[in-house]
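Worksheet: one structure, shown below.
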Amino acid sequence: MFTLPLEVLELIRGKLPEKEQFNFLFVCRQWYLVFRATLYHDIVIRSHEQLELLLRNALAPSTTTQSPLGHQVKRLTFEHGEITRNMIEQLALLCPFVESLAFSFEVWVLLRFPRVFLLWPHLKSLSQPGCEELMELSLSRTESHLEHLTVQFARTTIDDSLHGVVPSYFDIDMFGDFLYGIRGPSLLTSLTLFGNNQLLYVSDMKVIHEKCPLLESIQLSQFMLAKEDPQDVECTDYPAATHLKALEIRNSLRYPLEWLFYIADKYRNLQKLILHSYLEHSIYWEEGHTTQSFQTTVEAVNRIAENCRQLESVELIGLPVDHRFYATLQCSSKVSKLGLVTLSDVSDIKDSAQPNFQRSVSSLSVWRFGKTLQRVADIGYFQSLVDLTLYNYSSDLTLVLNCCKHITKLALAKGRLDLENENDISVHHRLTKLALYEVKIGDVALIHIASQCTRLEDLTVWNCEMTRQHRLVTSQSADVLIVNLGNRMMNSIHIQSSLNARHGGQDPEFVRVMQWSDMQKTCRDFYFGDVYLRNHPAEIEERCLNTDVVARFCQELNNDPIINSALSQHGRIIIESGFVKCLTVNFKRIL
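FYI, the numbering used here numbers position 211 of the sequence shown as 198, with every residue one higher than the one before it.
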């Protein structure tokens, strides 16, 4: 949120109580600061320089009788920078008990490093190696306890004749070789694959389940689900995946029939099913096939409802769904989370002879809400609804909340939120969780949220644009929001990406959240990032280097309420900016 020169850091260090054994770490040239206590589970590496300093200072072996600080580290994340093999080996020696390892795709490509399982034998979670790197990993031939794996496949070929990029075949055998290369049975329970428009066949899923028999969750994103021989549509020779509880397929262009039948026949124990297509109604035809008929696809979707009787969470976006699908689902009262394209789908739900959704659905998402405002009252059909997510929202919030008397959690995405009449928002006091994603919001609305949401515990404002409104508009608007929230029993506050960007950075009061004394001592997760305009770092630094703010901050550290109460064991406070690494504060409770 603001940059701190060396003398200010020294001032803060002088104010810290010695008994808490806080150490300072100056990272990069921007004085990226980390307060680290004796219990430190999570490290995020954002630069080459930061890792060097970690190795040289913070994680160096302790001279006391305590176990080395590096032995406390359970999770490592590499986001940016050229990380050498020698650095990784040093880090592995200092942090031998790492259980979760995550790389950005760029960092991992620079590594070309096959010995992860040898260095960290306790590793349970690995994120974002590419498929070529998986081949290298398989050479280690070591026993693995890996339970969670995320892989991004990014191989493409250029075909000049088509004047574009043609996706190359996702060679599932390459992924299988990695699994076979690990000694002992695969313990994977969670698998996430990013395909980058690779082709994926039902037969590939058969291979995955053969080599990962314990899989409970699969997430597939950006794959082209491919059509196989028509004789394999029923997939009768494929064993059922009885352990699988959750399947998510997002950003797929189409869903061929064999995929739908495979899901219906082999994933009968599914509890969570999410199928999202790029298109409103996926193209149910293939080149050379003008008749993967709409009705046949509807029948395949209905078969999923008939066979998967354990479903608790369902979202089918871009697939043809009729009233029979909802009628079949409602034969079981287990469905509690439902995703709809528009509110017009509620009519099909009402037509069911067994309207169990009316009582069982507690969480609802509507993807094209903005085009169905005239049907907003239909939300009230779900009498047990407490969690609501609306995409493309563009209306008065009160209109929705008045229809849903029990809603406590609300998320709005890609829309507009304007509140001008204080009398219209009395219903907001019920909300305990509010999330705004890419929402155009007036500063008056921010003040109203702060004053009316008296029970708010979790607030997220992500990539939103704040606009001026005609009254009650002062430079203190955003500050009022924070001060009011500071009097609550908040669990988490996440603010990301420039509420004030449209005003040229003219509202620096927003940064005054640094006055920790305004916050109740219960906030466990506090994140501020990218709040100011990126192309004015000098102006921001001048505005934010306020000695009063620093003094209050130091006083709070001396009084010690945050360290001992606010953040508990897994709490965090992170404040950083997109244009400069500014300030990160990690507090851990001293046990």
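For every residue, glycine included, the Cβ atom is placed at its ideal position computed from N, Cα and C. Note that the coordinates shown come from a computational prediction; the quantities given were computed from them, not determined experimentally.
- Task: Find out if the Cβ-Cβ distance for the pair residue 397, residue 365 is shorter than 8 Å.
- Result: Along the sequence shown, one-based indexing puts residue 397 at 410. Along the sequence shown, one-based indexing puts residue 365 at 378. Cβ distance not < 8 Å, so residue 397 and residue 365 don't count as in contact.
Notebook entry, point to check: Any idea which residues DSSP pairs residue 210 with across the strands?
Noted result: Residue mapping note: residue 210 aligns to position 223 of the sequence shown, counting from 1. 185, per the DSSP bridge assignment.
Quiz item: When the Cα of residue 296 is compared with those of 303, 319, 89 and 288, which residue comes out closest?
Solution: Indexing the sequence shown from 1 puts residue 296 at position 309. Cα-wise, what sits closest to residue 296 is 319.
Report task. Just mark residue 105 as buried or exposed, buried being the case when its beta carbon has 16 or more other beta carbons within 10 Å. Result -> The count along the sequence shown starts at 1 and reaches residue 105 at position 118. Exposed: under 16 other Cβ atoms inside 10 Å.
Going by DSSP, which residues form a beta bridge with residue 304?
Start at 1 with the first residue of the sequence shown, and residue 304 comes out as number 317. In DSSP, residue 304 forms a bridge with 263.
Item to check | residue 227 versus residue 254 - alpha carbon distance | outcome: By 1-based counting over the sequence shown, the position of residue 227 is 240. By 1-based counting over the sequence shown, the position of residue 254 is 267. So the alpha carbons of these two residues sit roughly 7 Å apart.
| said: For a minimum of 4 consecutive residues, which ranges assigned as the alpha helix (DSSP H) are wholly contained in the stretch 309 to 368? | reply: 310 to 316, 332 to 337 and 344 to 347
* Asked: Using a Cβ-Cβ cut-off of 6 Å (strictly less than) and excluding sequence neighbours within five positions of residue 399, which residues of its own chain qualify?
  -> The count along the sequence shown starts at 1 and reaches residue 399 at position 412. Correct list, in chain order: 377, 380, 423 and 426.
N- and C-terminal bounds of the alpha helix (DSSP H) containing residue 281: If you number the sequence shown from 1, residue 281 lands on position 294. 281 to 294 is the span of the alpha helix (DSSP H), which, as asked, contains residue 281.
Practice item. Indicate the three-state DSSP secondary structure (helix, strand or coil) for residue 403 in the structure shown. Key: To locate residue 403, count along the sequence shown from 1; it is residue 416. The answer is strand: DSSP assigns residue 403 an E or B state.
Extent of the continuous beta strand (DSSP E) run through residue 84 | By one-based count along the sequence shown, residue 84 stands at place 97. Premise fails: residue 84 is in no beta strand (DSSP E) and is neither H nor E.
| Residue from 179, 207, 306 and 196 with nearest C-alpha to residue 242 | Sequence index remark: in the sequence shown, residue 242 carries index 255 (1-based). Residue 242 has its Cα closest to that of 306, out of 179, 207, 306 and 196.
So residue 245 and residue 308 are supposed to be a Cβ contact under 8 Å. How far apart are they, rounded? Looking up residue 245 in the sequence shown gives position 258. Looking up residue 308 in the sequence shown gives position 321. Not a contact, Cβ separation roughly 19 Å.
- Based on Cα-Cα distance, which residue from 203, 198 and 161 lies nearest to residue 177? Against the sequence shown, residue 177 aligns to sequence position 190. Out of 203, 198 and 161, 203 has the C-alpha closest to the C-alpha of residue 177.
* Grouping DSSP H, G and I as helix and E and B as strand, with all else coil, what is residue 204? -> Residue 204 sits at position 217 when you count from the first residue of the sequence shown. Of the three classes helix, strand and coil, the one that applies to residue 204 here is strand, per DSSP.
Query raised in the report: Taking just the CA atoms, how far does residue 57 sit from residue 81?
Result: Position 94 of the sequence shown, counted from the start, is the residue given in the question as residue 81. Position 70 of the sequence shown, counted from the start, is the residue given in the question as residue 57. Cα to Cα, residue 81 sits roughly 5 Å from residue 57.
CA-CA distance, residue 235 and residue 263? Reading the sequence shown from its first residue, position 248 is the one you call residue 235. Reading the sequence shown from its first residue, position 276 is the one you call residue 263. Those two C-alpha atoms are separated by around 8 Å.
Could you tell me which of 240, 316 and 71 sits nearest to residue 300, measuring between CA atoms? Residue numbering aside, residue 300 sits at position 313 when the sequence shown is read from its first letter. Of the candidates 240, 316 and 71, the one whose C-alpha sits nearest the C-alpha of residue 300 is 316.
Requested in this report: Would you mind stating whether residue 31 and residue 66 have Cβ atoms separated by less than 8 Å?
Outcome: Start at 1 with the first residue of the sequence shown, and residue 31 comes out as number 44. Start at 1 with the first residue of the sequence shown, and residue 66 comes out as number 79. Yes, the Cβ-Cβ distance between residue 31 and residue 66 is below 8 Å.
For residue 449, report the span of its beta strand (DSSP E) as first-last. Numbered from its first residue, the sequence shown carries residue 449 at position 462. 445 to 449 is the extent of the beta strand (DSSP E) around residue 449.
If you draw a straight line from the C-alpha of residue 409 to the C-alpha of residue 388, how long is it?
In the sequence shown, counting from the first residue as 1, residue 409 sits at position 422. In the sequence shown, counting from the first residue as 1, residue 388 sits at position 401. Because the pLDDT at residue 409 is just 45, under 50, the model does not fix this residue reliably, and the point stays unresolved.
Using a 10 Å radius around the Cβ and a threshold of 16 neighbouring Cβ atoms, would you call residue 196 buried or exposed? Position 209 of the sequence shown, counting from 1, holds the residue named residue 196. So residue 196 counts as buried.
Does DSSP put residue 61 in a helix, a strand or coil?
Within the sequence shown, numbered from 1, the residue matching residue 61 stands at position 74. It is coil, neither helix nor strand.
- Task: Using the Cα positions of residue 162 and residue 233, report the straight-line distance between them to the nearest angstrom.
- Result: Position 175 of the sequence shown holds residue 162. Position 246 of the sequence shown holds residue 233. Cα-Cα distance, rounded: 21 Å.
Notebook entry, point to check: How would you write the range of the alpha helix (DSSP H) that residue 134 sits in, first residue to last?
Noted result: Reading the sequence shown from its first residue, position 147 is the one you call residue 134. Residue 134 -> no alpha helix (DSSP H), and no H or E assigned at all.
Does DSSP classify residue 190 as helix, strand or coil? Translated into the one-based positions of the sequence shown, residue 190 becomes position 203. Correct three-state label for residue 190: helix.
- prompt: Do residue 136 and residue 110 have their C-beta atoms closer together than 8 Å?
  reply: The count along the sequence shown starts at 1 and reaches residue 136 at position 149. The count along the sequence shown starts at 1 and reaches residue 110 at position 123. Contact flag unset, no.
(message) Measuring straight from C-alpha to C-alpha, what distance separates residue 85 and residue 303?
(response) In the sequence shown, counting from the first residue as 1, residue 85 sits at position 98. In the sequence shown, counting from the first residue as 1, residue 303 sits at position 316. Between residue 85 and residue 303, the C-alpha separation is close to 38 Å.
Check your understanding: Between the C-alpha atoms of residue 240 and residue 181, what's the straight-line distance to the nearest angstrom?
Key -> Here the question's residue 240 lines up with position 253 in the sequence shown. Here the question's residue 181 lines up with position 194 in the sequence shown. Answer to the nearest angstrom: the Cα atoms are 14 Å apart.
* Indicate the three-state DSSP secondary structure (helix, strand or coil) for residue 378 in the structure shown. => Start at 1 with the first residue of the sequence shown, and residue 378 comes out as number 391. Strand at residue 378.
(message) Looking at the strands, I want to know which residues DSSP matches up with residue 396.
(response) Here the question's residue 396 lines up with position 409 in the sequence shown. Answer is 374 and 420, bridged to residue 396.
Got a sec: is the Cβ-Cβ distance from residue 105 to anything in chain D below 8 Å? Among the protein chains of the structure shown there is no chain D, as only one such chain exists.
Taking DSSP as the reference, what is the three-state secondary structure of residue 229? Position 242 of the sequence shown, counting from 1, holds the residue named residue 229. Residue 229: coil per DSSP, three-state reduction.
Limits of the alpha helix (DSSP H) - the one that residue 244 falls within: For the purposes of this step, residue 244 is identified with residue 257 of the sequence shown, where counting begins at 1. Its alpha helix (DSSP H) spans residues 244 to 253.
Q.
Rounding to the nearest angstrom, what Cα-Cα distance links residue 418 and residue 345 in this structure?
A. Residue mapping note: residue 418 aligns to position 431 of the sequence shown, counting from 1. Residue mapping note: residue 345 aligns to position 358 of the sequence shown, counting from 1. Going by the C-alpha atoms only, they are around 21 Å apart.
Per DSSP, which residues does residue 30 bridge with? Please list them.
Taking the sequence shown and counting its residues from 1, one reaches residue 30 at position 43. For residue 30, which the question treats as bridged, DSSP gives the partners 63.
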